[in-house]
Amino acid sequence: MNLTESLRMALTSLRTNKMRSLLTLLGVIIGIAAVIAILTLGSALKGQFTSDLDKVGANNFQVQVKERTDEGETDYHVESSVDDPDSLLTPEQLEQVRTALAPDVESVIIGESDTYPGDLELEGASESSAVMVKPTNPDYVTASQFTVRTGRALTDDDIAADRAVTMLSATTATELFGDADPVGQTLNFAPLDGTDLELTVIGVYDTPDTGALIGGGEAEYALVPYTLAAQLSDAPLAGEAFSSVSLRAAPGTDKAALGARLQAAFDSMYADNEEYRVEVTDFSKDLASLNQLLTALSAAIAAIGGISLLVGGIGVMNIMLITVTERTREIGVRKALGARRGDIRLQFVTEAIIVCLIGGLIGVVLGSVAGMIGSSLMGYFVFPPLGAIVVSLLFALAIGLFFGYYPAGKAAKLDPIEALRYE
Numbered sequence: 001m002n003l004t005e006s007l008r009m010a011l012t013s014l015r016t017n018k019m020r021s022l023l024t025l026l027g028v029i030i031g032i033a034a035v036i037a038i039l040t041l042g043s044a045l046k047g048q049f050t051s052d053l054d055k056v057g058a059n060n061f062q063v064q065v066k067e068r069t070d071e072g073e074t075d076y077h078v079e080s081s082v083d084d085p086d087s088l089l090t091p092e093q094l095e096q097v098r099t100a101l102a103p104d105v106e107s108v109i110i111g112e113s114d115t116y117p118g119d120l121e122l123e124g125a126s127e128s129s130a131v132m133v134k135p136t137n138p139d140y141v142t143a144s145q146f147t148v149r150t151g152r153a154l155t156d157d158d159i160a161a162d163r164a165v166t167m168l169s170a171t172t173a174t175e176l177f178g179d180a181d182p183v184g185q186t187l188n189f190a191p192l193d194g195t196d197l198e199l200t201v202i203g204v205y206d207t208p209d210t211g212a213l214i215g216g217g218e219a220e221y222a223l224v225p226y227t228l229a230a231q232l233s234d235a236p237l238a239g240e241a242f243s244s245v246s247l248r249a250a251p252g253t254d255k256a257a258l259g260a261r262l263q264a265a266f267d268s269m270y271a272d273n274e275e276y277r278v279e280v281t282d283f284s285k286d287l288a289s290l291n292q293l294l295t296a297l298s299a300a301i302a303a304i305g306g307i308s309l310l311v312g313g314i315g316v317m318n319i320m321l322i323t324v325t326e327r328t329r330e331i332g333v334r335k336a337l338g339a340r341r342g343d344i345r346l347q348f349v350t351e352a353i354i355v356c357l358i359g360g361l362i363g364v365v366l367g368s369v370a371g372m373i374g375s376s377l378m379g380y381f382v383f384p385p386l387g388a389i390v391v392s393l394l395f396a397l398a399i400g401l402f403f404g405y406y407p408a409g410k411a412a413k414l415d416p417i418e419a420l421r422y423e
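Residue numbers (UniProt numbering): 1 to 423.
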C-alpha cells in the first residue's frame, strides 16, 4: 500500500465517524490554539514593552557622581548625595564630553531626577493646581518625546538668560485656564519649601502614552529652566552643577562601546578626585533582562498550554485503540488478501497523523484569531509568530506519530485468522 492510498483510507474513516473524529480533534485544537494565542499575546507584550521603553529613555545612559566607596551600587534616577559641591558635574564638563563623543552622544538631559512640589496659581484668580516643577533643559523635552501643543518649548536662550518661564502639561493648563490660551499668562508657584516664584507660560506640551507596562504615562510637570533651581533649593550650586544627569545615545550607536568611552572620559575627568567618581550605567541592560523575563514567562505559559496537546495525544491514542478493535475484521480481511504488517501500520499511523494535523490547522486558525484580537485590545497589533505556527504544526505531527504508533503496531500484529473470527 502506498502513502496516497493510506491518506484516502484515513480521510474516509474520519468522514465515516464524524462525531468521534471531532471529539478526537478537540484536544489537539485546544492545545494548539492555546499555544498560538499565548505566544502571539507574548509577542505583543514584548513589542509594546520595547516601544514604551523607547519613549522613557531606553537609549539613555545614567551618569551619577558617587563616593568611591559606593562602587558597584546603582540607583537609577535617584539623586546622589554629594557633600563636596566642587565634585558635582557642571554644564561645561557635560558639554565637553558631548563634543568629544559627538555624534554618538545625541543630547545631555539635565534635571531628570529633580522635582519641587507646590501649587501653581493664576494671578488674580482663586484657582490653583498642585504640580511638580522640574528644572531642566531643552534636551529633556526632546528626549521625553513631548510635543508642543501651543506656544514653544524651552530653549538654550531661556537657560542663558535665566528666564522665569514655564512649559505646562496639557492637563495642568486645562485645570488652570480651561479652553483659554495660557501662553503669555503669569503664574505664581508656591513651593512646599522655599520662596514663591513668578513664571510666565511659554508653551503647553502633550506627553507620550507610555502604556500600563511602564507606568501609564509621563508625570505631569511644569518645566522650567534648570537655572531657576537656585531659587527653589538651598543646596550648594543648585542650578549650576549636578550629581546626576542622563546622556542620550544617537540611534544606531553601539551602546556597549559608547558606554566604555563615556566611562573612560569621566574617569579621566575625576582622576584627581580621591573622594568621588562618576559612574556611567546603561539603563537598557536591566530593561533587557525584563524583556527576557517576559519571553520566559510567555514560553512557560505556552508550555502549560502544550500540556493539553499531550492530553489530546492520549485521547488520539485511546480513540485509535477503539478504532483498531472495531475494525479487527477489516484488518483480518486485508491481511488475508495480502496486506503486510507495514501496510496496516502505515494505514493507522497515517490516520492518527491526519487527525492531529487537521486539529493543528484548526487550532492555528483559532489561536491566531484570538491572539490578533487580544493584541488589538492591548493596543499593539501583531501577527502570530511564524516560527510558533511551524513548530506547533510539527509538534502536532509528532503527537500523531508518537501516540498513533502503538495502536498501529497493535493492529499490524493481529493474527489474520483470529481477526476474521472477531465478532
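Don't be surprised by glycine CBs; every beta carbon is placed ideally from N, CA and C.
Given the structure is predicted, the values throughout are model-derived calculations rather than measurements.
Can you name the start and end residues of the alpha helix (DSSP H) that P138 belongs to? To locate residue 138, count along the sequence shown from 1; it is residue 138. P138 to A143 is the extent of the alpha helix (DSSP H) around P138.
From I301, Q347 and E326, residue whose alpha carbon lies closest to that of I32: Locating residue 32 in the sequence shown gives position 32, where the first residue counts as 1. I32 has its Cα closest to that of I301, out of I301, Q347 and E326.
Confirm, please, whether the CB-CB distance from L122 to Q185 is below 9 Å. Reading the sequence shown from its first residue, position 185 is the one you call residue 185. Reading the sequence shown from its first residue, position 122 is the one you call residue 122. Yes, the pair counts as a contact, with Cβ atoms nearer than the cut-off.
Give the DSSP bridge partners of L199, in chain order. As a working note, residue 199 is residue 199 in the sequence shown. Answer is L187.
K66 burial status per 10 Å Cβ neighbour count (16 or more: buried): Within the sequence shown, residue 66 is the residue found at index 66, counting from 1. Buried is the call here.
Nearest neighbour of S376, chosen from R261, R341, L45 and A229 [CA to CA]: For the purposes of this step, residue 376 is taken as residue 376 along the sequence shown, with counting starting at 1. Minimum Cα distance to S376 is reached at L45.
Quick check on DSSP: helix, strand or coil for V105? Stepping through the sequence shown from its first residue, residue 105 is reached at position 105. Three-state DSSP puts V105 in a strand.
Residues in its own chain within less than 8 Å of I399 by CB, not counting five upstream and five downstream? Within the sequence shown, residue 399 is the residue found at index 399, counting from 1. Cβ neighbours of I399 beyond the five flanking positions: V28, L309, L310, G312, G313, V316 and C356.
Count the other CB atoms within 10 Å of the CB of residue 430; is the residue buried (16 or more) or exposed (fewer)? This structure does not reach residue 430, given that the chain is present from 1 up to 423, and the question cannot be answered.
For L89, which option in I373, A180, L22 and D267 has the closest C-alpha, if you only look at C-alpha atoms? Counting from 1 along the sequence shown, the entry for residue 89 is found at position 89. The shortest C-alpha separation from L89 is found at D267.
Should V141 be labelled buried (16 or more other beta-carbon atoms within 10 Å of its own) or exposed? Sequence index remark: in the sequence shown, residue 141 carries index 141 (1-based). Buried.
Is the number of C-beta pairs between the region 398-413 and the region 338-358 that are closer than 8 Å three or more? yes
Compare the Cα-Cα distances from residue 425 to each of V35, I344 and R329 and report the closest residue. Examination of residue 425 is not possible in this model, given that the chain is present from 1 through 423 alone.
Three-state secondary structure (DSSP) of T281: Within the sequence shown, numbered from 1, the residue matching residue 281 stands at position 281. Correct three-state label for T281: strand.
D162: which of L168, S169 and L154 sits nearest, CA to CA? As a first step, residue 162 must be located in the sequence shown, where it is residue number 162. Taking only the C-alpha atoms, the option nearest D162 is L154.
I'd like the list of long-range same chain contacts for G306, defined as Cβ closer than 6 Å, with 5 residues on each side in sequence excluded. Within the sequence shown, the letter at position 306 stands for residue 306. Correct list, in chain order: V35.
Less than 9 Å between the C-beta atoms of D234 and G259, yes or no? On the sequence shown, residue 234 is found 234 positions in, with the first residue counted as 1. On the sequence shown, residue 259 is found 259 positions in, with the first residue counted as 1. Cβ atoms of D234 and G259: not closer than 9 Å.
What are the boundary residues of the alpha helix (DSSP H) that E330 is part of? Taking the first residue of the sequence shown as 1, we reach residue 330 at position 330. First-last of the alpha helix (DSSP H) with E330: T328 to A336.
Can you tell me whether S289 is buried or exposed, with buried defined as 16 or more other CB within 10 angstroms of its CB? In the sequence shown, residue 289 corresponds to position 289, counting from 1. Answer is exposed; the Cβ neighbour count stays below 16.
With which residues is K66 paired in a DSSP beta bridge? Taking the sequence shown and counting its residues from 1, one reaches residue 66 at position 66. Note: K66 sits in a beta bridge opposite R277.
Is it buried or exposed for R152, if we count other Cβ within 10 angstroms and need 16 for buried? On the sequence shown, position 152 is the one that residue 152 refers to. So R152 counts as exposed.
Hey, S246 and I109 are a contact pair by Cβ (cut 8 Å); roughly how many whole angstroms apart? As a working note, residue 246 is residue 246 in the sequence shown. As a working note, residue 109 is residue 109 in the sequence shown. Confirmed, Cβ separation roughly 4 Å.
Is D415 buried or exposed, if buried means 16 or more other CB atoms sit within 10 Å of its CB? In the sequence shown, the residue the question calls residue 415 occupies position 415. Under this definition D415 is an exposed residue.
Output yes or no for whether 9 Å exceeds the beta carbon distance between Y270 and S87. Mapped onto the sequence shown, residue 270 falls at position 270. Mapped onto the sequence shown, residue 87 falls at position 87. Contact flag set, yes.
Quick one: using the 10 Å Cβ neighbour count with 16 as the cut-off for buried, is N137 buried or exposed? Taking the sequence shown and counting its residues from 1, the one referred to as residue 137 is at position 137. That one is buried.
P251 - containing alpha helix (DSSP H), residue span: Your numbering for residue 251 matches position 251 in the sequence shown. Segment: none, P251 is in no alpha helix (DSSP H) and carries neither H nor E.
What does a CB cutoff of less than 6 Å around K335 pick up in its chain, not counting 5 residues either side in sequence? To locate residue 335, count along the sequence shown from 1; it is residue 335. Counting only Cβ-Cβ distances below 6 Å, and skipping sequence neighbours, we find P416.
My parser needs the alpha helix (DSSP H) runs of 4 or more residues fully inside the UniProt domain "ABC3 transporter permease C-terminal" (304-416); what are they? 328-336, 341-378 and 386-412
On the three-state DSSP scale, how would you describe N291? Here residue 291 is taken as the residue at index 291 of the sequence shown, counted from 1. Here N291 sits in helix by DSSP.
Segment limits, alpha helix (DSSP H) that includes A100: Locating residue 100 in the sequence shown gives position 100, counting from the first residue. Counting along the chain, the alpha helix (DSSP H) containing A100 begins and ends at P91 to A100.
Opposing strand residues paired with M167 [DSSP bridges]: Position 167 of the sequence shown holds residue 167. Looking at the DSSP assignment, M167 forms a beta bridge with G203 and L223.
With 16 other Cβ atoms within 10 Å as the buried cut-off, status of V78: To locate residue 78, count along the sequence shown from 1; it is residue 78. Reliability of the predicted coordinates at V78 is poor, the pLDDT of 48 falling under 50, and the value obtained from them is presented with this limitation in mind. By the 10 Å Cβ count, V78 comes out exposed.
Sequence-distant residues of the same chain with beta carbon closer than 7 Å to G371, five excluded per side: Here residue 371 is taken as the residue at index 371 of the sequence shown, counted from 1. Result list for G371: I36, A37, T40, L41 and P384, in chain order.
Report the rounded CA-to-CA distance for T16 versus M378, giving the unit in angstroms. Within the sequence shown, the letter at position 16 stands for residue 16. Within the sequence shown, the letter at position 378 stands for residue 378. Answer to the nearest angstrom: the Cα atoms are 43 Å apart.
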